Amino acid sequence: MTEQPDGPAPDQPAGPACTMCGAPACVHWQRRLTDAEFADYLALVQGRRDELTELADQQQPPPEFGPLPAPDEVTRTIYGCLDHAIGLDAASLIHAKDCTAPPCNCMPEPAPKPEPDPQQMPPGWG
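Just so we're aligned: the sequence shown equals residues 2 to 127 in our numbering.
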């Protein structure tokens with residue numbers, strides 16, 4: 002019997018691959034979905050909801066799912082290798098759906114505001 006090495010084959014990357022060329026990724030960032038990607042995503046979500054409704058117990062109320070996701074609620078992860086990486090400051094932001102990073106040709110969304118410090122308890126409440 003031939004022994005197989007543990008882990009991935011030497012020519013296969015162990016983690017995510019660069020979205021542009023398939024080389025091992027060293028950085029990732031997020032961008033909004035294009036219109037076509039978002040339409041496909043909504044079709045998947047609606048299909049799953051339809052499937053769950055069909056499989057639901059008919060003697061119980063139908064499942065409630067809430068509104069479908071909006072375009073500003075969904076992102077796609079983009080991976081970059083050493084040749085296709087962007088800076089860490091840019092990678093920490095969400096990019097526009099038409100961003101072709103690298104090089105980044107969009108104005109990323111601003112970073113979320115930090116959480117305010119919790120209020121101190123009044124004296125005697127500790």
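Think of the CB as a built atom: it goes at the ideal place given N, C-alpha and C, for glycine as much as any other residue. Values in this document were obtained by computation on a predicted structure and should not be read as measured data.
Where the alpha helix (DSSP H) containing residue i begins and where it ends
{"i": "Q47", "result": "D36 to L56"}
{"i": "A92", "result": "L89 to A92"}
Cβ pair residue i, residue j closer than 8 Å
{"i": "A97", "j": "I87", "result": "no"}
{"i": "T27", "j": "L83", "result": "The question names Thr, but residue 27 is Cys in the sequence shown. Yes, the pair counts as a contact, with Cβ atoms nearer than the cut-off."}
{"i": "L69", "j": "L43", "result": "yes"}
{"i": "A91", "j": "W30", "result": "yes"}
For residue j and residue i, the rounded distance between their alpha carbons
{"i": "P62", "j": "Y80", "result": "43 Å"}
{"i": "A133", "j": "W126", "result": "Given a span of 2 to 127 for the chain in the structure shown, any question on residue 133 remains unanswerable."}
{"i": "P72", "j": "R32", "result": "11 Å"}
{"i": "L53", "j": "P64", "result": "8 Å"}
{"i": "A57", "j": "D41", "result": "24 Å"}
{"i": "F39", "j": "Q120", "result": "40 Å"}
{"i": "T20", "j": "C105", "result": "14 Å"}
{"i": "M2", "j": "E55", "result": "With a pLDDT of 46 at M2, under the threshold of 50, the predicted position of this residue should be treated as unreliable, though the coordinate-derived value follows. Rounded to whole angstroms, M2 to E55 spans 49 Å at the Cα level."}
Residue i: first and last residue of the uninterrupted beta strand (DSSP E) it sits in
{"i": "H29", "result": "V28 to R33"}
{"i": "G81", "result": "T76 to G81"}
Integer-rounded CB distance, given that residue j should sit under 8 Å from residue i
{"i": "E110", "j": "L89", "result": "With 8 Å as the limit, E110 and L89 do not qualify as a contact, their Cβ atoms being about 16 Å apart."}
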